[in-house]
Every structure is written in C-alpha cells, then in structure tokens.
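J.: Handing you a structure now.
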Amino acid sequence: MEILGSFTSRDVIVNNPVTYSNCPSKGDNGSGDVDLTDSPFFFSGNNLFGSIGCGHSATVSSNRTDPIGGCLNACTSAFMFSVGNFGHFSFPRDINISSTHVPAILEWKTFDPKLKVPLRKSDCAEKCGNIDILYPFGIEDRCYMNDAFRVSCEETIDGSKPFISSINLTLVDVKFSEGRVIINNSITYSNCNNHQNDHKKGVSVNLTNTPFYFSDIFNRFGSVGCGNFATIYHNQTDDPIGGCLQPSCNSNANLSTNDMCITSIPPRLDTFAASLTKKYRSYDGNRSCRSAFVFDMDSLDNDGLLTVPHTKGHVATSLQWGKPLPAPCKLKDGKKTFCNSEGHYCWSWLSRELLCVCSDSDYASAYSVDVCEEPGKCENSKRRYCNMLCLNAPGNYCSLTCPEGYKYSDEEYRCKLIKTNSSPLPGRTRNLIIIIGCSTSIGTIFALLCIWRLFKALERRNDIKLKQKYFKRNGGLLLQQQLSSNEGNVEKIKLFASKELEKATDYYNENRILGRGGQGIVYKGMLTDGSIVAIKRSKLVEKKVLEEMKLEQFINEVIILSQINHRNVVKLLGCCLETNVPLLVYEFIPNGTLSDLIHKPNEEFPLTWEMRLRISTEIANALFYLHSAASVPIYHRDIKSSNILLDDKYRAKVSDFGISRSVAIEQTHVTTRVHGTLGYLDPEYFRSNQYTEKSDVYSFGVVLVELLTGQKPISSSQSGEQRGSLVTFFLHSMKENSLFDIFDPQVMNEGPREEVIAVSWLAKRCLNINRNKRPTMKQVAMELERIRTSDETNVLQEQSDDEEDYEIMDDVTDPWGISSCSTMVIIDNI
2 MEILGSFTSR DVIVNNPVTY SNCPSKGDNG SGDVDLTDSP FFFSGNNLFG
52 SIGCGHSATV SSNRTDPIGG CLNACTSAFM FSVGNFGHFS FPRDINISST
102 HVPAILEWKT FDPKLKVPLR KSDCAEKCGN IDILYPFGIE DRCYMNDAFR
152 VSCEETIDGS KPFISSINLT LVDVKFSEGR VIINNSITYS NCNNHQNDHK
202 KGVSVNLTNT PFYFSDIFNR FGSVGCGNFA TIYHNQTDDP IGGCLQPSCN
252 SNANLSTNDM CITSIPPRLD TFAASLTKKY RSYDGNRSCR SAFVFDMDSL
302 DNDGLLTVPH TKGHVATSLQ WGKPLPAPCK LKDGKKTFCN SEGHYCWSWL
352 SRELLCVCSD SDYASAYSVD VCEEPGKCEN SKRRYCNMLC LNAPGNYCSL
402 TCPEGYKYSD EEYRCKLIKT NSSPLPGRTR NLIIIIGCST SIGTIFALLC
452 IWRLFKALER RNDIKLKQKY FKRNGGLLLQ QQLSSNEGNV EKIKLFASKE
502 LEKATDYYNE NRILGRGGQG IVYKGMLTDG SIVAIKRSKL VEKKVLEEMK
552 LEQFINEVII LSQINHRNVV KLLGCCLETN VPLLVYEFIP NGTLSDLIHK
602 PNEEFPLTWE MRLRISTEIA NALFYLHSAA SVPIYHRDIK SSNILLDDKY
652 RAKVSDFGIS RSVAIEQTHV TTRVHGTLGY LDPEYFRSNQ YTEKSDVYSF
702 GVVLVELLTG QKPISSSQSG EQRGSLVTFF LHSMKENSLF DIFDPQVMNE
752 GPREEVIAVS WLAKRCLNIN RNKRPTMKQV AMELERIRTS DETNVLQEQS
802 DDEEDYEIMD DVTDPWGISS CSTMVIIDNI
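In terms of my numbering, the sequence shown opens at residue 2 and continues consecutively.
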C-alpha cells in the first residue's frame, strides 16, 4: 500500500484499495482484502467502514468467514477509510462510486512483544549549544515525532545553534505543554541605514504543508517607526488582514524608536506578508527607520518594550504545533507513558490527535488543571497538573469538549458515543413532569424574591424608626419649631440627612479624617453639589443622650451659631440629628491651624511679622464680634492656636465652638464646670468657675505670646524657675527687661521694634491677673488696628498696669506650671 503520510510515532496513513462490484468502467474485483497478519500494523479504530451504491449488501469480515459489519446498497463499492481525513463523524464527500483508493490509518501493534516498535530512544541528545531540544523535537533518528520536528544542530561563529529542518528556522525554546515552539523570525525593514537588504515588503516562511502555524494566542503583529503605516497580508495578493499606524514625529517629539504599535493576528495563520508605507514625514533621520514583524508577547520587557528591532535581524516568534486544551486528563500506565530526560513532564496518547501532558507545579502552563482532589492519595502527585494537547495534523478536530453525542471516557481516555435509551414515559406524562418542574422552580424563585423584598422593606422601616428616634432625642422637634417660627433668620441653618453625610465622607473613611480633639473627630466631605465641608462627629457622652434640661439650650446655641456671619469665624452650615450623636457641618478651611504654622515652620513659607500682626488683628475682630456684635453674646471658652484655622489666603478663622456658651445680654458671666486647655485658661475662671468675656481676652493674650515667641503655652524647653508656663516666662522676661531674648528670630529680624514692643505690652494687659483690668476685645482689636496702620514712630503708649498683679501670677498659675509636652489636656473639675 502507498504511504500517504505519518504524523505520530504510532500510526501511518496509507492508500487503502476499494472493493467494487458491477462497475462497467473498472470491472469487478468481487472482494478485496488486506492481510496485516504478519506485519506490525492493524487497522486503527479511528477508521470507519463505508459503502457507496444501490441495492447491494456490503459486509466487512475479520477473515473470509466471519462478518463484523456491513451496509446495504445497490451498485456498490466498499472500503475502509480514515475519519480524521474527512472530518469527525460525517460521511466523506470526496469519495464517490469512481474512487479506487481511500486514505486509511494503520497503527503499530504496541501490545505485541514479538514486534520491534520504532518508539523514541531513551538516550536521545537533548542539547544543542545552550538550547534544550525537547520532545516532540529531536536531533537523532527515533528522537523526534516525525520529519517535521527534526532538528539539525549546526556550528556557527556564535557556537552551536539548532535549526528546524522542515522550515529552516532557528529553534529558541520548546513549550511542550502549550504545544508551541519559539523560533527566530525575520523582520521587514524600510529606510534603515544599518540594513543593506532593505525591503518594504517582506514575506514570511510558508508553513502551509507543515504542522506549524503562527500562534494567534501568543503572537502579535507590531511595527516601529515614526509615521509608519504597516499592514499584514495573508500573502502578497490577498486583502490586508491587519495593520498599525504610528504617529508622526517632529523635532520635539518624545516618541522613542522603541515605541510600538501592536495588533492581533488571525487564527491559524500559516504565512503572511508585511508591507511598510510612509504616511507622515519624520523630522529625525534616526526615527525614519521603519520595521514590521510578528513577535511573541513573552519577549516584551517589564515596560512593554521590545529590543530595538532595527538593530537585530530577527525577533522571537511562537509557532503552534498543537492546541492546548484546559481539559483534565490522566496518564496511561506503564510503557504507554513517556517522560523527558529530567522527568519534569510526561505524556501519553489519548487518541490519534490527543495527548495528555502532566507536569509538576514549576512546569505547569496556564492551561494545566489540578487533577488530584486528594494529593495524599493521588497516584502521580508530583505530576498532578495536566492538560490535553490536540496535535495540529491535517483533518484533526481540536475542541475543548467531545463532539455532540460523545462523552469522554476516563477508562479508555477517549471520546465515546453516548448510548441513548428511549424514554419509558409517554409524551404527555413527560410534558406534565416538565411543566410541574418548571412551575415549581418559578414558584420557588418568586417566593424567594418576595421574602427578600419583604426583608428589605422591614430593614428600611427599622432604619427609618431608628432615625426618627435619634432625631427626637437630639432635639430635632425643637429645631423644627424654631425653623417654622421663622424668627431671626433661622432659615439659614440646614438639616442634613445621615445618608448624605455618609456618602460625603465615604462612610466616615479613616482617610477623610482632618483631626481629632477632645470634642470629637472632624472629617472632610464633599456634598452632592460639589462643595467641600468639614463634618464634626461628636464623641459619645457618658449617658449617651443629651440631658433633657440641656436639650433646648443645645438647639438654641446651634441656631445662634448658624446665624454668625463674620469672615473670621468658621461658618456653621447645618447639622444632622438622625444619628446616635449630632453631626455639625462647617465650611471647609484648607490650610490647617495657626498652631501648625507657628510650631512647624516651613522655610518655603515663613510666618512673617506682617502675617503675625494681621492674624492677631483678625482673631481679635472675630472675638469682638462674638462678644458684642452678635445677636446674642457668645463666649468661646477655648481660644487657642489650634482652634484658629487658616483659609486659602491664610486669613484667620475662629473655630471649634464645642464648649462655647451664649449668654443673655444683661448677663456678665456664666457659671459652669471648668472646661478648656491647659496653658490658655484664665486663672480667675479656674478659681471661681465663672467665665466672662475677659476670660476669652486672657486666652487671646496667650495666643499673642505664642505669635511673639514661637513657643508652646506649656513646654519643658525653658530652664530654671521659668520651666513650664509660657505666660510666667513671658511676664518674668518683661519684668527683667530681657523680653527680646525670648522672641522668635523671625520677629526680631522682620518686626519693627516699636510695633513688637507695643504688641508685647498689649499681651501683658490681656494677661493681667485681675480680669477687671484687662481690656475688652473691642479695645484689643482697636489697639491692634492702630499698631498696624500707624505711620508714627512713637507707636508705644504709656502702660499703667499694677506690677503687683503680675507678681501674683506666679502663685495662681502654679496648677499648670508643670513639665509637659502636651498642650491639649482637657480638665473637668467641679
């Protein structure tokens, strides 16, 4: 029989004769038989028996007497043919009544120990230079699958290099489990000075009659060059199947010669031609070099760049010789399983076109599947990652699953025909069962949907009730009454929904926190209209609820604070009473606190004397407004540098009214428990529990001293008797005429001497132990304005304070004259 071809080491395709009868043009050969008894072959199970003709019965027998199958036709020809050469499970259309021979498959009798089967040798050479030559490729006879995979190891000036003989290309690497090989493929060039064989159209190697094709999975078509239009054709005459257009490069362009335009290639491409066209002008001679190529994506570096193409004559490209399938399979036992020399992977034949490839985790591919459900009980636990590999032979049908009507058999390692049994149920009964099953499924889904919707409705209802409970407890009803009365421009305050503030703060994300204090946490938020706000979330008090007697006072103060409209006071925009604790919403101030500006100096943005004097004046004006100009006088009760915010123009903004109190116009003080920050507290307030507007004046005086000295109110940086209290240290320095020794160097270098001394005397007056001798905030604001705007050299005014008042300060300030590195301690004494 004539040999037509061979793809694997197990079978061969031959030209099998046709038996014909009653055919005028060919005569009658009666019966045809092929005897393979004494040969190492047998007819493969991949063959089918076929018959063409009318009114005759064609039978096939294992010998002359025992029929094993047949067909009934008339004028007849009968034959054994290979299903693989005509498509799976379909009758071959190319065979007709005039055919004399058809392709058939013969397999080696590997089960017959008397026959020497030409299997792969065990001592095959697996190195050429530093390249591993792995199966199905081989250098010596009986070391490769067939002639298409034969490798020649040739000596070059660069050492030994392997070449695939059938296509004459350099072999770079073999990826067995992925069914591909990496070769060096040529590049198409145009206008490149370092390439003499410059051509605008390059034709690749022709893989038409080989088991190889350019992999569309691992390869891409790329081009390099400014203004380059590269197209790829299936051959030189067909229409283009892809292309890339590179942008133009001018003299200032940043486009590198390494920048690539990349596009995909069609599947099963066996040859191509690349064409280069100059679409745009290139202003740089080096950039005018253009190239196009099909390359393997694994050859890109971490930056997605390929080695400069026009400095090389080739590029790495993947050729697919088999299709990897992510389908689980198992190796066969014994001699039917083969492994590479190092044992990293093994394979066995599942069918004529299917291999099962298994490896350990280090050599597993992206298509490998772990076939060991229990590794300890797995027979091949070291090679537990397996996948099928469909060989690229003519007529092979590669699929992720078996064809329709067939099922994969774990016992026989192949796709088997599914035997269908007729249903014992009558048609009406079967339809009734289907209807009942569908109705039950739909009813179950509908019931689950109703339960889910009911659950969500109850959840929303409980959420609404909880919000209503919090709203009532936090004084929401009182606030609504005030809003409905519309007295005193109450409509300026806004009630925010809890969901709106949750979205604004990204559900109170830690990254949105602006600061933490004794009164609570402040978050940065963005409202739905795009405005930026600061949202203060108060800490839970011990009783976790507002006392009923204080509830009305809290709501009144919220309304009063919302009516404050001064450019140096942080505006209260509204509140939310639907949460466990009330949320207050303020305008957002972007540049941090005055404390940070003083105590964390920035060389690029120094705190100049002019800024210190302006900020002092703005704070004084804000406190004067709160004490006198507001509809109801407000005592801040916690004036300190960390409660002074700075806007985008570094204007002062008084903030944090968490413990502030509003008083009746006829009242001069409020009696309360001591609240505040050590170092800023009025000594008389600490002693008497009575807070007046002069207590805010004292705290402002401490801020003035901070601005003058650049030191914290309580610090361990001083030495001797003055260690601890900045106020005591400042007053002592004035008494000893050593005031200029404690000033900030920036103040000494930039501040006019007369202005610095005038501000120092003003600070001393604010710090008077006798609150009655302290100036009002109105007087302080006017004095600072006078110092800022005065052009006279005699800025100083006579001061008539009693020195004894300042000497008493040493004893009074002793409670906080301690060594501490913190100025944010909150005290609460009855």
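Don't be surprised by glycine CBs; every beta carbon is placed ideally from N, CA and C.
Tell me the DSSP secondary structure of V19 in three-state form.
T.: Note: V19 maps to coil in three-state DSSP.
J.: Under 7 Å between the Cβ atoms of I188 and S292?
T.: Yes. Within cutoff.
J.: Within the segment 328-369, note down every full beta strand (DSSP E) run reaching 3 residues or more, in order along the chain.
T.: Qualifying beta strand (DSSP E) stretches, in chain order: 338-340, 346-350 and 355-360.
J.: Is the distance from the Cβ of L646 to the Cβ of T678 below 7 Å?
T.: In this structure, T678 does not lie closer than 7 Å to L646 by Cβ.
J.: Per DSSP, which residues does L320 bridge with? Please list them.
T.: Per DSSP, V182 and F215.
J.: Could you give the uninterrupted runs of the beta strand (DSSP E) lying entirely in the segment 459-486, keeping only those of 3 residues or more?
T.: DSSP runs (the beta strand (DSSP E)) wholly in the segment 459-486: none.
J.: Have a look at Q564 and I465 and give me their C-alpha separation to the nearest angstrom.
T.: Each residue's Cα considered, the two are about 30 Å apart.
J.: What is the rounded straight-line gap between the Cα of N738 and the Cα of A759?
T.: When rounded, the distance between both Cα atoms is 14 Å.
J.: What does the Cβ neighbour count give for F1, buried or exposed, with the cut at 16 atoms within 10 Å?
T.: In this structure the chain extends from 2 to 831, so residue 1 is not present and cannot be described.
J.: Might you give, ordered along the chain, the residues of its own chain that have their beta carbon closer than 7 Å to the beta carbon of K495, omitting 5 neighbours on each side?
T.: So the qualifying residues of the chain are L574 and G575.
J.: Of the residues Y681, S596 and D649, which one's Cα is nearest the Cα of H637?
T.: Closest by alpha carbon: Y681.
J.: What are the boundary residues of the beta strand (DSSP E) that includes Y386?
T.: Segment Y386 to L392, the beta strand (DSSP E) holding Y386.
J.: Assuming I599 and S656 are in contact, meaning their beta carbons sit under 8 Å apart, how far apart are those beta carbons, in whole angstroms?
T.: Between S656 and I599 the Cβ distance is about 16 Å, and since that is not below 8 Å, they are no contact.
J.: Take the Cβ of D649 as the centre, count every other Cβ of all protein chains shown within 10 Å, and call the residue buried at 16 or more, exposed below.
T.: Classification of D649: exposed, given that the 10 Å Cβ count is below 16.
J.: In the DSSP output, what is K279 paired with across the bridge?
T.: Bridge partners of K279: N229.
J.: Do L320 and I443 count as a contact pair if the criterion is CB distance below 7 Å?
T.: For I443 and L320, no; Cβs fall outside 7 Å.
J.: Would you say V523 and G531 are within 7 Å of each other, going by their C-beta atoms?
T.: No, Cβ-Cβ distance for V523 and G531 is not below 7 Å.
J.: When we look at the beta-carbon of T157 and count the other beta-carbons within 10 Å, is it buried (16 or more) or exposed?
T.: That one is exposed.
J.: Assign Q453 to buried or exposed, taking buried as 16 or more other Cβ atoms, counted over all protein chains shown, within 10 Å of its Cβ.
T.: In the sequence on display, residue 453 carries Trp and not Gln. W453 comes out exposed.
J.: To the nearest angstrom, how far is it from the Cα of L459 to the Cα of S596?
T.: L459 and S596: Cα-Cα distance of roughly 49 Å.
J.: Taking Cβ to Cβ, would you say I743 is nearer than 7 Å to T710?
T.: It is a contact, given that the beta carbons lie within the stated cut-off.
J.: Check the C-beta distance from C359 over to L332 and give it rounded, since I have them as a contact under 8 Å.
T.: Contact flag correct, Cβ pair sits at about 5 Å.
J.: I need the straight-line Cα distance from V633 to L502, nearest angstrom please.
T.: Cα-Cα distance, rounded: 29 Å.
J.: Output yes or no for whether 7 Å exceeds the beta carbon distance between C385 and D371.
T.: For the sequence presented, residue 385 should be read as Arg rather than Cys. For R385 and D371, yes; Cβs fall inside 7 Å.
J.: Could you have a look at C262 and say whether DSSP puts it in helix, strand or coil?
T.: Strand.
J.: Could I get the ranges of all uninterrupted alpha helix (DSSP H) runs contained in the segment 583-610, with 4 residues as the minimum, in chain order?
T.: Whole alpha helix (DSSP H) segments, 4+ residues: 595-600.
J.: If you draw a straight line from the C-alpha of F497 to the C-alpha of A653, how long is it?
T.: Looking at the two C-alpha atoms, the distance is approximately 27 Å.
J.: Counting C-beta neighbours from all protein chains within 10 Å, is the total for N475 16 or more, i.e. buried, or is it exposed?
T.: Answer is buried; the Cβ neighbour count reaches 16.
J.: What separation, rounded to the nearest whole angstrom, lies between the Cα atoms of A766 and S485?
T.: A quick correction: the sequence has Arg, not Ala, at residue 766. R766 and S485: Cα-Cα distance of roughly 46 Å.
J.: When the Cα of K572 is compared with those of P607, A535, N603 and N388, which residue comes out closest?
T.: Comparing Cα-Cα distances from K572 to each of P607, A535, N603 and N388, the minimum goes to A535.
J.: Of the residues V706, E605, I132 and G226, which one's Cα is nearest the Cα of F741?
T.: Selected option, being the one with the closest Cα: V706.
J.: With 16 other CB atoms within 10 Å as the buried threshold, where does Q712 fall?
T.: By the 10 Å Cβ count, Q712 comes out buried.
J.: Roughly how many angstroms lie between the CA atoms of I831 and N690, to the nearest whole one?
T.: Bear in mind that a pLDDT of 26 at I831, under 50, signals an unreliable position, so the model cannot answer this.
J.: With DSSP as the reference, please indicate the residues paired to G711 in a beta bridge.
T.: BP columns for G711 are empty, so no partner.
J.: Tell whether a beta-carbon distance below 7 Å holds between F296 and G223.
T.: Their beta carbons are under 7 Å apart, which means F296 touches G223 by this criterion.
J.: Check whether the segment 158-176 and the segment 220-234 are in contact - that is, three or more C-beta pairs closer than 8 Å.
T.: Too few Cβ pairs lie closer than 8 Å, so no.
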